[in-house]
Every structure is written in C-alpha cells, then in structure tokens.
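Visitor: If you want the working numbering, it's the position in the sequence shown, counting the first as 1, plus 2.
Cβ atoms here follow ideal geometry from the backbone N, Cα and C, with glycine treated the same way.
One structure, as structure tokens, below. Some questions next.
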Amino acid sequence: DDRWITGHLYGGDQDTRIRQEIVLGIGGARLLRTLQVLGIECAPAVYHLNEGHSAFVALELARERLASGAATSFATAHRTVASRLAFTTHTPVSAGHDTFPAELVEAYFSEYREQLGLSQTELMALGQHAAVNDGSGFSMTVLALRSAHARNGVSQLHGAVSRRMWRGVGVGVDDAPPRTEMEAITNGVHSATWAGPDMSSLFDDRMGTAWRTAPHKHSSWQRLTDCDSTQLWSARTAQRGRLLERVDAAARTEGLEGLAPEVTADRALVLGFARRFATYKRAGLLLEDPDRLWRLLAGDPTRPVVLVFAGKAHPRDEAGKRLVQRIVEASRDERFRGRIVFLENYGVELARLLVQGSDVWLNTPRRPEEASGTSGMKAALNGALNVSELDGWWDEAYAPGIGWPLGDGMPQDASADEVDRMEACQLMETLEHEVVPLFFARDPQGVPVQWLGRVVRSIETLAGQFSAHRMLQEYVELMYRPAGAQPLLLWHVAAAQAASQTGHAARAA
C-alpha cells in the first residue's frame, strides 16, 4: 500500500519527498496516458510545471518517446519534450527548491535511467549547474529549467530576481538558449471567489456583471468612482463586523475577556496579517517596540485599533514556530488582551474572513524574498488598503494614494538586522501618522470619507490589473500558445469565464 506516500504533504524526510515527486511527475504522466487508453480525452498540448516538484514528468515524457521509437536518443527526446513544457518558479528562497543527494537519486532511478539510456553521471548532470550547486546534489529546479523552453517568475521583480538566480541554466545539459529567458507573469486572484458578500452586492449594484465576467478590464471597475460613501462604508462595516465576531469568539476561547468594549464594527480599525510564518516574512516586526505598539492600539479609546494575526509555520521550521509562539504570547500579555489576537486553524474559510474584513493589510517580507503574494490583492479587492514592503506584487502595484510603501530609501549597505530595525520604525510611523489619523477622520455621520476615497482608488487601480483573468491571458500568450496550445487553452479560458458568470468558479487558490 503506497498511499502513505501522499498521506502527509509536509514534514517528511528526503526519502519521502523524492517518492512524492516521483508519484507527481512520473505517476502523473502515466495517469494521463491511462485515462487516454480508457477513452477519456486528456492529451495535454502543454505540461505546466509549478516549481521543480513535478519535473520528473520531463523524464517520463522522454522515456515514452524512446519506448515508442519516436526518438532514438535521450537528448533528442528531451529537446522535443522541452518544447511542450512550461515552468513557473514561485520563490527565490532556497528552501523552496528541492535538492536530493546522488545516492538517493540512484537508489530510485538506477533501473529507470537505463530505460533512458543514461549513466548515473549523465542523469545527475540534468540536475546540476555550476552556478546553482556544487555538484553534490540533484536540483529539481535545474531539471525543470533544463526541460522547459518557457519559464517565468510570478511578479515583475521576481522575474528579474529569477533571471539573475538561474542565469545560464538553459535547455538540456548543454544549456541551449530557451525560447524565452525568463518571463514575468504577475499572479492574480479570482474576483468573484474572494470578494465578500457585501462588497459583491455593492459591485453588482454599481457595475452589473462586468466585474465578474471581465474583471481584467479597467472599464469594469470605473463605475465605482462615484459610489456613495455611505453605501461603501455600510458594506465595509458589515464585513468588518463578521471578522470581529470571529476575533472576539477566539479571544474568549483563550479564556480571555474578548475584545475591548470600544472595539465595535462601526468604529474599530482592523489591521490584518495572515500568511505562512516563514522568518523572512517578518511577522514580528510590529512587536519590536511594545510600548509604542500599545500606544497605537490602546492609547486612545476613541481610536480603537485591533491587530489580527493568523497563519501556520512549516512543520520543520523551528524558527517559524517560535515566531508563532511569540505572537501568541503577545496576545496574552495583559497590555494587549483584546487588542492583539492570533486566530488558530488557518485555512481558506478563515482567510476569506480576514481579507474581507480587514481595513489594512500588512505585509512585511524581507525584499526581494517575496516572489509575489496574493493575500494583499484579495484584501484590496474587498476595500482594504495595503501597507507593504515594496516586494513581490506590491513593488509594481504601489502608487501614491492607494496604500503605503515600506522599505523605500533603505541604505544599500545596511545589515539585515539594521534594515529590520529601520523598517519596524518606518512601519510604526506610517501607522501612527498616516493610517490611523486618516481612518478616524469622520464626517458628522461617522463616515471616513477621505479614507473611502482611497479605498475606491485602490479597487479601481488594482482589481483589474491583478485579476486571475489577466494572469491567465498572459500565460496563454506568453507560455502556452507558443507551444501550440491555442485550442485547448481557449476552451479553458472560455470555461473559466462561464463559471465566473454562473458563480460556480473553482475555489482553488
């Protein structure tokens, strides 16, 4: 029984990991072939590898060509396969790029490589490059790059970083120039999936079905310009209220007193931070000066502010786990009870509540380690304003008047610790002097008109540019169509648009 191989995604050793990637790559290709034998139409024109985890599919496709007589050498088969493969790298962080020792690769591939006509040295060479590793391991990312003529990063900045990281890694062991060196296709989100119920109703009222059927078009969002502030504030308050109900319940479950009495849906400013707790994301940046943080959150009862955290650390990331523990301990500190809350059991349902209900979305990665990020896009769609490091998607998205940047103007020669200290101070200054005063500047009806003006500009500017529809169009034009996938992809795009119109789009993130 091999089901245990995929029974637990994270936390396994390298032996388990290589088994999982064999199942994904080689097993996945064979599954598609089996379905075709059974009469099910599933002959991909392009295989899209997301990270190197599935790169063994290239070996299996080459093996099939050799076995069928369509190619007489592995090199020929591999070059042909590369024209049908697209590869997307999603992170510049080394931990996201699997490397296996030679003895482990040989243990699982000694018989398989003979079917490819390769020696151990020749097989290992496919996963090695002087600029990447020292020759002692087999890099799945190098294999993926060597096997794909189309490759891309997931934001403009990440594309540039990836071009530097993987410079010189071409197609095949001779590193032939790929069709494209490294495209940059910024991630996007499916608007109808992530917009909250109240904002969705507002969009329907103001824009009809255009924001659902053609969210990538700027014109679909222009009707929001003259939106009534009271109507927008009502939608935002309703979504904030649902989040605060969950936050209050979580605080009481911890045996605490719940949220402070002045924290109400129509009054409180909610700062949201939810993502994987990797150390480079610097979730603890706001905790560097506890006294200053207390003054921000609770120093003025007429300006109540709540800081909500959620997320999980990788099972093997001990530093990430300690960061979660630090935040949980801060939430239990008597000074911060009802002001800092950590929500457990982070998943899609909780993620929706957070991006739909937060007023400010915090993002503090160490530049340039955040490849893209999508939570800020989802939050912006729902009317949150981003306060974010100029990294990933925000590096190209930020413009004055739609949010706030972090990290701008940092000295190039500063150490990582010095940058952390300076940016922690910059973050607090932005919140103290710009975010909080603007949010609590209310008209006689209690509506923050100037704040909502920024919200409208943010949605109009970002919703279309960072939609999944725009992203898919770019993948079609830059990655799939050059490999001959036009009929297949046009069908998929049409199906996706039809699904969004009927409200049954897939919920996959």
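Only counting the same chain, and skipping five residues up and downstream in sequence, which positions put a Cβ closer than 7 Å to that of residue 172?
Guide: So the qualifying residues of the chain are 178, 179 and 180.
Visitor: Which same chain residues, not among the five before or five after residue 213, have their C-beta less than 7 Å away from its C-beta?
Guide: Counting only Cβ-Cβ distances below 7 Å, and skipping sequence neighbours, we find 193, 205, 222 and 223.
Visitor: Using a Cβ-Cβ cut-off of 8 Å (strictly less than) and excluding sequence neighbours within five positions of residue 139, which residues of its own chain qualify?
Guide: Closer than 8 Å at Cβ, skipping near neighbours: 101, 102, 103, 104, 129 and 130.
Visitor: Locate the beta strand (DSSP E) running through residue 145, then write down its first and last residues.
Guide: Element bounds for residue 145: not the beta strand (DSSP E) but the alpha helix (DSSP H), 142-148.
Visitor: Here's the rule I'm using: 16 or more other beta-carbon atoms within 10 Å means buried, otherwise exposed. How should residue 394 be labelled?
Guide: Residue 394 is buried by the Cβ-count criterion.
Visitor: Cα separation between residue 242 and residue 354?
Guide: Each residue's alpha carbon lies about 12 Å from the other.
Visitor: How would you label residue 435, buried or exposed, when you count the other beta carbons within 10 angstroms and need 16 or more for buried?
Guide: With fewer than 16 Cβ atoms within 10 Å of its Cβ, residue 435 is classed as exposed.
Visitor: Nearest chain C C-beta to residue 204 closer than 8 Å, yes or no?
Guide: No chain C is present in this structure, which holds just one protein chain.
Visitor: Starting from the Cα of residue 132, find the closest Cα among 84, 244, 146 and 168 and give me that residue.
Guide: For residue 132, the nearest C-alpha among the options comes from 168.
Visitor: Leaving aside the five residues before and after residue 83 along the sequence, list all residues of the same chain whose C-beta is less than 6 Å from its C-beta, in chain order.
Guide: Cβ within range, chain order: 60, 63 and 64.
Visitor: In three-state terms, what does DSSP make of residue 22?
Guide: Helix, per DSSP.
Visitor: Roughly how many angstroms separate the alpha carbons of residue 327 and residue 279, rounded to a whole number?
Guide: In a straight line, the C-alpha of residue 327 is about 11 Å away from that of residue 279.
Visitor: Let me know the secondary structure DSSP gives residue 175 once reduced to three states.
Guide: The answer is coil: DSSP assigns residue 175 none of H, G, I, E or B.
Visitor: Does the segment 317-332 come into contact with the segment 263-280, if we say contact requires no fewer than three beta-carbon pairs (one atom in each stretch) closer than 8 Å?
Guide: A contact exists between the segment 317-332 and the segment 263-280.
Visitor: What does a CB cutoff of less than 8 Å around residue 311 pick up in its chain, not counting 5 residues either side in sequence?
Guide: Answer for residue 311: 275, 276, 285, 329, 333, 342, 343, 344 and 345, listed in chain order.
Visitor: On the three-pair Cβ rule with 8 Å, is the segment 355-369 touching the segment 379-393?
Guide: They touch, by the three-pair rule.
Visitor: Secondary structure at residue 211, three-state DSSP: helix, strand or coil?
Guide: Residue state, collapsed to three classes: coil.
Visitor: May I ask which residues mark the beginning and end of the beta strand (DSSP E) holding residue 363?
Guide: Here the beta strand (DSSP E) through residue 363 covers 362-365.
Visitor: Determine the DSSP secondary structure at residue 266, reduced to helix, strand or coil.
Guide: Of the three classes helix, strand and coil, the one that applies to residue 266 here is coil, per DSSP.
Visitor: Give the secondary structure of residue 484 by DSSP, where H, G and I count as helix, E and B as strand, and everything else as coil.
Guide: Helix at residue 484.
Visitor: Going residue by residue through the segment 319-362, where are the continuous beta strand (DSSP E) segments of at least 3 residues, counting only ones entirely within it?
Guide: Runs of the beta strand (DSSP E) inside the segment 319-362: 342-345.
Visitor: At which residues does the alpha helix (DSSP H) containing residue 190 begin and terminate?
Guide: Element bounds for residue 190: n/a, residue is neither H nor E.
Visitor: Between the segment 226-239 and the segment 448-463, do three or more beta carbon pairs fall short of 8 Å?
Guide: Because the criterion of three Cβ pairs below 8 Å is met, the segment 226-239 and the segment 448-463 touch.
Visitor: Could you give the uninterrupted runs of the beta strand (DSSP E) lying entirely in the segment 416-485, keeping only those of 3 residues or more?
Guide: The segment 416-485 contains no whole beta strand (DSSP E) run of 3 or more residues.
Visitor: Could you tell me the alpha carbon to alpha carbon distance between residue 108 and residue 120, rounded to whole angstroms?
Guide: Roughly 12 Å between the two C-alpha positions.
Visitor: Determine the extent of the beta strand (DSSP E) in which residue 70 is found, giving its start and end residues.
Guide: Not the beta strand (DSSP E): residue 70 falls in the alpha helix (DSSP H), residues 58-70.
Visitor: Do residue 48 and residue 88 have their C-beta atoms within less than 8 Å of each other?
Guide: Yes, Cβ-Cβ distance for residue 48 and residue 88 is below 8 Å.
Visitor: For residue 466, count neighbouring Cβ atoms within 10 angstroms of its own Cβ and tell me buried if that reaches 16, exposed if not.
Guide: Looking at its Cβ environment, which holds 16 or more other Cβ atoms inside 10 Å, residue 466 is buried.
Visitor: What's the call for residue 445, buried or exposed, on a 16-neighbour Cβ count within 10 Å?
Guide: Its Cβ having fewer than 16 others within 10 Å, residue 445 is exposed.
Visitor: Name the residue from 92, 85 and 273 whose alpha carbon lies nearest to the alpha carbon of residue 357.
Guide: Checking every option, the nearest Cα to that of residue 357 belongs to 273.
Visitor: Look at the alpha carbon of residue 489 and the alpha carbon of residue 470, and state the distance between them as a whole number of angstroms.
Guide: Residue placement at residue 489 is flagged as unreliable, the pLDDT there being 47, under the threshold of 50; a coordinate-derived value is accordingly withheld.
Visitor: To the nearest whole angstrom, what separates the beta carbons of residue 438 and residue 350, a pair I think is in contact under 8 Å?
Guide: Residue 438 to residue 350, Cβ: 30 Å. No contact.
Visitor: Express the C-alpha separation of residue 405 and residue 440 in angstroms, rounding to a whole number.
Guide: Using only the alpha carbons, I get a separation of about 12 Å.
Visitor: So residue 296 is in the alpha helix (DSSP H); what residue range does that whole segment cover?
Guide: It spans 292-300 - the alpha helix (DSSP H) in which residue 296 sits, taken as one unbroken run.
Visitor: Let me confirm a value: residue 154 is counted as buried when at least 16 other C-beta atoms fall within 10 Å, else exposed. Which label applies?
Guide: Flag for residue 154 reads buried.
Visitor: Measuring CA to CA, which of 401, 185, 170 and 144 is closest to residue 457?
Guide: Measuring from the Cα of residue 457, the nearest candidate turns out to be 401.
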